[in-house]
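S.K.: Here's a structure for you.
2 protein chains.
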Amino acid sequence: MPTSPRPLSGFPEWLPAQRIVEQQVVDTLRRTFELHGFSSVETRSVEPLETMQRKGEIDKEVYVVRRLHAEGNEDLDPAKTLALHFDMTVPFSRYVLENAGKLEFPFRRYQIQKAWRGERPQEGRYREFLQADIDVIDRDTLPAHVDIELPLVIADAVSTLPLPPLKMSVNNRKLAEGFYRGVGVQDTLGVLQRIDKLDKIGPALVRKLLVEEMSLSDKQADLCLSLAEIRTTDLSFVDRVRALGVSGELLETGLQELAAVVAAGIEYAPGFLIADLKIARGLDYYTGTVYETVMEGHEELGSVCSGGRYDSLATDGKTTYPGNGLSIGVSRILARLLGRELLTATRSVPTCVLVALPSEDDRPAGRRIAAALRGRGIAVEISPTAAKFGKQIRYAERRGIPYVWFPGRDGGADQVKDIRSGDQVDATAADWAPPAEDLRPRIVRP
Amino acid sequence: MPTSPRPLSGFPEWLPAQRIVEQQVVDTLRRTFELHGFSSVETRSVEPLETMQRKGEIDKEVYVVRRLHAEGNEDLDPAKTLALHFDMTVPFSRYVLENAGKLEFPFRRYQIQKAWRGERPQEGRYREFLQADIDVIDRDTLPAHVDIELPLVIADAVSTLPLPPLKMSVNNRKLAEGFYRGVGVQDTLGVLQRIDKLDKIGPALVRKLLVEEMSLSDKQADLCLSLAEIRTTDLSFVDRVRALGVSGELLETGLQELAAVVAAGIEYAPGFLIADLKIARGLDYYTGTVYETVMEGHEELGSVCSGGRYDSLATDGKTTYPGNGLSIGVSRILARLLGRELLTATRSVPTCVLVALPSEDDRPAGRRIAAALRGRGIAVEISPTAAKFGKQIRYAERRGIPYVWFPGRDGGADQVKDIRSGDQVDATAADWAPPAEDLRPRIVRP
């Protein structure tokens with residue numbers, strides 16, 4: 001390589017201290033998901049292109065993968081063309097169908113993996129990004145309490161992370177579809193997709209689209225917009241919908257399902273859930289509860305945790321596997337918080353102790369000290385050179401390593417120095433331990 | 447999806463219990479690497495094709511990535527064509543050059559990621575596979591003790607894993623190259639690459655290649671083969687090389703470097719390291735110590751942990767960053783051991799306790815019990831239905847969940863049942879805990 005390479009736009013990478021933050025965030029998510037009984041699944045990175053195209057909508061943004069010296073028509077057959085997955089829901093549905101005979105249902109899984117989209121990169125949108133998903137999938141029917149449980153798992157996970165507060169908006173497709181039918185609309189999905197543009201283009205333009213593109217009457221359009229305006233932190237949205245004077249069985253089911261989710265949020269995660277009746281979610285596989293989440297103070301990033309119920313995404317023709325899932329945009333959250341230095345780590349290495357070397361001949365003794373400390377869970381490096389102690393201490397300082405260990409010479413005791421305070425005490429590798437807060441790097445908000 | 451999808455050859459995926467084994471293996475590697483002061487790095491999955499092609503040799507096996515609707519010449523320019531990385535050494539070298547001003551040297555990093563190669567799939571060779579790498583990279587020069595340290599870190603990591611014993615073979619490129627020069631060979635890399643085929647085609651055919659393709663005399667070929675036959679677990683290889691009557695400065699340096707590595711192996715990881723003078727490693731960027739590792743009883747899998755010193759892979763023209771690294775083939779090891787059911791997990795879910803529900807009305811009470819147990823680190827699921835208790839117990843049994851919790855009714859105490867033994871005792875969620883060995887699933891050898 002003749003000159004320094006440059007970053008690729010849309011493919012973020014972290015420096016070591018930033019990566020420590022990412023690891024601890026992912027560790028916390030994983031720990032919470034496992035405490036709630038979710039099993040880890042990793043799917044391969046590629047799916048047949050036709051599997052993904054059948055899910056529609058984003059085929060423009062897919063990355064196709066082929067061998068550099070592919071032979072013959074190997075990658076012209078759409079059943080054989082492979083593409084990098086753009087989310088984890090489609091691969092997970094495929095995994096469930098492929099392994100249905102070997103899985104126990106209901107199946108609770110989490111999946112923390114990279115995904116890829118060939119979109120124009122911008123803040124919050126990357127070509128390679130990390131997602132953390134939880135889904136519950138069942139055979140034939142999926143109980144309604146899953147719609148309540150999933151946002152509570154997310155609330156539990158983020159409550160122990162040093163993030164700005166997250167607020168999750170909830171809606172229900174049945175409520176919206178039932179309402180639209182109640183006002184006499186046929187193409188309910190078409191209306192939903194235009195309502196979904198409210199945040200981007202505002203109510204006046206959405207109203208214009210509803211009237212001109214969807215042929216709604218002024219009254220119908222006004223009613224649909226009135227529904228979308230309803231947003232409450234309590235259960236009062238139910239009365240506000242009823243006050244619009246529209247009724248129907250599907251609408252009633254949606255209202256009850258949404259009320260159950262919001263009521264549980266009030267009880268178990270106060271301030272986290274909001275009934276927000278304009279939330280639509282673009283993807284057409286959602287069939288009931290849908291979720292979107294903003295990070296307070298960073299609303300313009302868009303949703304950082306989205307999902308919903310999909311009752312008919314996975315089916316082999318005989319059996320259907322309804323599911324519900326939520327996906328946290330780990331890269332979207334961390335790129336913002338790391339990029340603006342709102343989060344960092346107390347040091348750039350896992351190392352807690354640097355063993356200093358009086359001379360290169362002391363390296364074997366240093367190895368024994370290091371092994372004794374590591375055996376008790378303390379991360380240790382041995383100085384790479386037996387330079388002057390001042391230089392070895394600077395090696396630790398530059399990395400944020402808090403302690404330097406000086407092996408005793410001529411029968412003298414070992415000593416350990418806290419290089420932040422300068423305190424230096426006698427110590428033995430068999431029993432010295434750092435304070436708990438120094439053992440591992442910690443996430444801090446500078 | 448009208449019918450069940452089928453697996454893609456070369457893209458292994460695990461069932462939940464297998465994935466638990468993989469997670470625990472990866473966790474152990476990570477913990478050991480961090481105890482030795484290695485920082486985590488993740489690089490993006492793609493590199494410019496020209497970066498990878500410059501490293502030569504495997505361009506046939508690379509997966510190229512392009513947007514499905516790429517515009518114009520976007521992916522005809524080799525500087526803009528992207529490909530999935532085939533290892534972590536090339537991306538890491540690029541990362542070091544790109545971030546040289548922000549990293550502290552020597553830089554110790556580990557990297558546990560997927561890599562991709564378009565090879566014909568067979569056991570031990572996959573198109574998508576997980577690797578766990580450690581490297582130390584420095585500016586200008588890298589001390590020799592790194593060549594000793596890296597295999598000891600691997601020995602430490604695998605010593606706590608339930609794997610068949612690993613045996614690492616070590617050689618030194620300077621030793622081989624110095625010896626070949628000493629016998630009068632010019633194209634030392636050419637000889638090395640043919641010696642590398644010894645295990646595949648045997649000494650008679652390698653001798654033929656050396657004589658016919660490399661124009662070595664019979665005497666030269668015999669000497670090169672005699673060197674390759676030397677394999678010792680102690681330092682006697684030094685005298686055996688000297689007995690061949692060849693000498694030279696580079697040979698002497700190589701002998702001393704290899705002796706230092708093997709001596710440290712004898713002291714710190716007895717039985718792990720073997721001096722094996724036929725080890726060559728195909729890649730031409732290695733410049734000194736090289737390593738290969740077999741898993742006992744599974745030698746035909748090939749090397750499960752390989753690497754070596756590369757003194758000039760990473761350079762920006764002004765500064766060179768010499769490194770040494772080892773890469774564990776996690777997929778190669780686990781596909782064998784999981785595929786033959788030589789390893790499994792004690793259960794298929796993280797869940798330790800299932801809270802049973804006398805009726806659906808008890809779900810809120812179940813949530814409070816679950817929250818109390820989770821708060822103390824115990825993984826809990828709440829029964830998905832308030833079916834008959836027998837059915838709820840079978841839900842736990844099928845997943846290997848060891849405990850079922852029965853909420854007390856009408857003021858009675860809660861009870862917890864070990865469904866393996868049938869023992870059932872009074873318990874309170876605020877202080878009950880399972881025995882340590884039941885808290886999380888464990889890896890077992892059936």
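The listed protein sequences derive, respectively, from chains L and U.
This note's numbering puts the first residue of the first sequence at 1, with every later residue one more than the last.
This note's numbering puts the first residue of the second sequence at 447, with every later residue one more than the last.
For each residue, glycine too, the CB sits at the ideal point set by N, CA and C.
#1: For Pro7/L, count neighbouring Cβ atoms within 10 angstroms of its own Cβ and tell me buried if that reaches 16, exposed if not.
#2: State the DSSP-derived secondary structure class of Glu381/L, mapped to helix, strand or coil.
#3: If distances are taken between C-alpha atoms only, which option among Gly711/U, Leu644/U, Pro537/U comes closest to Asp579/U?
#4: Three Cβ pairs or more, each shorter than 8 angstroms: is that satisfied between the segment 335-342 of chain L and the segment 118-136 of chain L?
#5: I need the DSSP call for Pro2/L, collapsed to helix, strand or coil.
#6: May I have the straight-line CA-CA distance separating Pro16/L from Ser348/L, to the nearest angstrom?
#7: Return the CA-CA distance between Arg573/U and Leu198/L, expressed in angstroms with no decimal places.
#8: List, from N- to C-terminal side, the alpha helix (DSSP H) runs of 4 residues or more that fit wholly inside the segment 752-790 of chain U.
#9: Taking Arg512/U as part of the alpha helix (DSSP H), name the residues at either end of that continuous run.
#10: Using DSSP's beta-bridge definition, name the partner residues of Arg616/U.
#11: Which residue or residues does DSSP assign as beta-bridge partners of Tyr572/U?
#12: Is Val616/U near Leu719/U, with beta carbons less than 7 angstroms apart?
#13: Is Ser312/L buried or exposed, if buried means 16 or more other CB atoms sit within 10 Å of its CB?
#14: Please report how far the alpha carbon of Glu13/L lies from the alpha carbon of Thr489/U, in whole angstroms.
#15: Determine the closest residue to Pro143/L out of Asn324/L, Lys417/L, Pro358/L, with distance taken between C-alpha atoms.
#16: If you draw a straight line from the alpha carbon of His515/U to that of Leu82/L, how long is it in whole angstroms?
#17: To the nearest angstrom, how far is the alpha carbon of Glu299/L from that of Ser45/L?
#18: Based on the DSSP output, what are the partners of Leu530/U in its beta bridges?
#19: Quick check: what's the CA-CA separation for Gly308/L versus Thr287/L?
#20: Note down, in chain order, each residue of its chain lying with its Cβ closer than 8 angstroms to the Cβ of Ile824/U, except the 5 sequence neighbours on either side.
#21: Between Leu789/U and Ile889/U, is the Cβ-Cβ spacing less than 7 angstroms?
#22: Mind checking who Ile369/L pairs with in its DSSP beta bridge?
#23: Can a CB atom of chain L be found closer than 7 angstroms to the CB of Phe457/U?
#24: From this set, Trp851/U, Leu819/U, Arg809/U, which residue's C-alpha is nearest Thr831/U's C-alpha?
#25: Label Glu22/L either buried or exposed according to how many other C-beta atoms from any shown protein chain fall within 10 Å of its C-beta, with 16 as the threshold for buried.
#26: Residues in the same chain with beta-carbon distance under 7 angstroms from Leu697/U, minus the five sequence neighbours each way, listed in chain order, please.
#27: What does DSSP give as the partner residue(s) for Tyr541/U in the beta ladder?
#28: Excluding five sequence neighbours on each side, which residues of the same chain lie with their C-beta closer than 8 angstroms to the C-beta of Pro2/L?
#29: Distance cutoff 7 angstroms, beta carbons only. Does Pro448/U sit that close to anything in chain L?
#30: Where does the unbroken alpha helix (DSSP H) through Phe389/L begin, and where does it stop?
#31: Consult DSSP for Lys560/U and reduce its assignment to one of helix, strand or coil.
#32: Around the C-beta of Pro446/L, are 16 or more other C-beta atoms found within 10 angstroms, so that it is buried, or is it exposed?
#33: Which two residues bound the contiguous alpha helix (DSSP H) that contains Phe33/L?
#34: Can you have a look at Val871/U and say buried or exposed, based on whether 16 or more other CB atoms are within 10 angstroms of its CB?
#35: Compute the Euclidean distance between the alpha carbons of Leu651/U and Ser773/U, then round it to the nearest angstrom.
#36: Residues of the segment 315-332 of chain L in Cβ contact with chain U at a cutoff of 8 angstroms, in chain order, please.
M.R.: Working from what's here:
#1: Position 7 of the first sequence, counted from the first residue, corresponds to residue 7/L. Exposed is the call here.
#2: Locating residue 381/L in the first sequence gives position 381, where the first residue counts as 1. In the structure shown, Glu381/L sits in a strand (DSSP, three-state: E or B).
#3: By 1-based counting over the second sequence, the position of residue 579/U is 133. For Asp579/U, the nearest C-alpha among the options comes from Pro537/U.
#4: yes
#5: One-based indexing of the first sequence puts residue 2/L at position 2. With a pLDDT of 49 at Pro2/L, under the threshold of 50, the modelled position of that residue is not reliable, and the figure given next carries that caveat. Looking at Pro2/L - three-state DSSP - the assignment turns out to be coil, as it is neither helix nor strand.
#6: Within the first sequence, residue 16/L is the residue found at index 16, counting from 1. Within the first sequence, residue 348/L is the residue found at index 348, counting from 1. Taking the straight line joining both Cα atoms gives about 6 angstroms.
#7: Residue numbering aside, residue 573/U sits at position 127 when the second sequence is read from its first letter. Residue numbering aside, residue 198/L sits at position 198 when the first sequence is read from its first letter. In a straight line, the C-alpha of Arg573/U is about 44 angstroms away from that of Leu198/L.
#8: Listed in chain order, the complete alpha helix (DSSP H) runs (minimum 4 residues) inside the segment 752-790 of chain U are 776-785.
#9: For this step, residue 512/U is matched to residue 66 along the second sequence. It is not in any alpha helix (DSSP H) - Arg512/U instead sits in the beta strand (DSSP E) that spans 509-513.
#10: On the second sequence, residue 616/U is found 170 positions in, with the first residue counted as 1. It is worth fixing the name first, because residue 616/U is Val in this sequence and not Arg. Per DSSP, Ala721/U, Tyr737/U.
#11: Your numbering for residue 572/U matches position 126 in the second sequence. Partner(s): none; Tyr572/U has no beta bridge.
#12: Numbered from its first residue, the second sequence carries residue 616/U at position 170. Numbered from its first residue, the second sequence carries residue 719/U at position 273. Taking 7 angstroms as the Cβ cut-off, Val616/U and Leu719/U qualify as a contacting pair.
#13: Sequence index remark: in the first sequence, residue 312/L carries index 312 (1-based). Exposed is the call here.
#14: Locating residue 13/L in the first sequence gives position 13, where the first residue counts as 1. Locating residue 489/U in the second sequence gives position 43, where the first residue counts as 1. Glu13/L and Thr489/U have their C-alpha atoms roughly 6 angstroms apart.
#15: Here the question's residue 143/L lines up with position 143 in the first sequence. That would be Asn324/L, whose Cα lies nearest to the Cα of Pro143/L.
#16: Walking along the second sequence from the start, residue 515/U turns up at place 69. Walking along the first sequence from the start, residue 82/L turns up at place 82. For His515/U and Leu82/L, the distance between alpha carbons rounds to 14 angstroms.
#17: Along the first sequence, read from residue 1 onward, the residue named residue 299/L stands at position 299. Along the first sequence, read from residue 1 onward, the residue named residue 45/L stands at position 45. Those two C-alpha atoms are separated by around 30 angstroms.
#18: The residue you call residue 530/U lines up with position 84 of the second sequence. DSSP output for Leu530/U lists Val492/U as bridge partner(s).
#19: Against the first sequence, residue 308/L aligns to sequence position 308. Against the first sequence, residue 287/L aligns to sequence position 287. Those two C-alpha atoms are separated by around 8 angstroms.
#20: As a first step, residue 824/U must be located in the second sequence, where it is residue number 378. Only Cys798, Val799, Ala879, Pro880, Leu885 meet the Cβ criterion.
#21: Here the question's residue 789/U lines up with position 343 in the second sequence. Here the question's residue 889/U lines up with position 443 in the second sequence. Contact flag set, yes.
#22: Taking the first sequence and counting its residues from 1, the one referred to as residue 369/L is at position 369. Its beta-bridge partners do not exist; DSSP assigns none.
#23: Here residue 457/U is taken as the residue at index 11 of the second sequence, counted from 1. Taking a beta-carbon distance threshold of 7 angstroms, Phe457/U counts as an interface residue toward chain L.
#24: What you label residue 831/U is simply residue 385 of the second sequence in a count that begins at 1. For the set Trp851/U, Leu819/U, Arg809/U, the Cα lying nearest the Cα of Thr831/U is the one of Arg809/U.
#25: For the purposes of this step, residue 22/L is identified with residue 22 of the first sequence, where counting begins at 1. Glu22/L is buried by the Cβ-count criterion.
#26: Locating residue 697/U in the second sequence gives position 251, where the first residue counts as 1. For Leu697/U, where only same-chain residues beyond five positions count, the Cβ hits under 7 angstroms are Leu621, Gly624, Phe625, Gly628.
#27: The residue you call residue 541/U lines up with position 95 of the second sequence. Paired residue(s): none; Tyr541/U is not in a bridge.
#28: Within the first sequence, residue 2/L is the residue found at index 2, counting from 1. Because Pro2/L sits at a pLDDT of 49, beneath the cut-off of 50, its placement in the model cannot be relied upon, and the point is left open.
#29: Here residue 448/U corresponds to residue number 2 of the second sequence, with the count starting at 1. The pLDDT assigned to Pro448/U is 48, lower than 50, so where the model puts this residue is not dependable; a value taken from the coordinates is nonetheless given after this. With 7 angstroms as the cut-off, Pro448/U counts as an interface residue toward chain L.
#30: Along the first sequence, read from residue 1 onward, the residue named residue 389/L stands at position 389. Start and end: 389-399.
#31: As a working note, residue 560/U is residue 114 in the second sequence. The answer is strand: DSSP assigns Lys560/U an E or B state.
#32: The residue you call residue 446/L lines up with position 446 of the first sequence. Looking at its Cβ environment, which holds fewer than 16 other Cβ atoms inside 10 Å, Pro446/L is exposed.
#33: If you number the first sequence from 1, residue 33/L lands on position 33. That run of the alpha helix (DSSP H) goes 16-35.
#34: Taking the second sequence and counting its residues from 1, one reaches residue 871/U at position 425. Its Cβ having fewer than 16 others within 10 Å, Val871/U is exposed.
#35: The residue labelled residue 651/U in the question sits at position 205 within the second sequence. The residue labelled residue 773/U in the question sits at position 327 within the second sequence. Distance between the alpha carbons of Leu651/U and Ser773/U: 30 angstroms.
#36: Thr315, Asp316, Gly317
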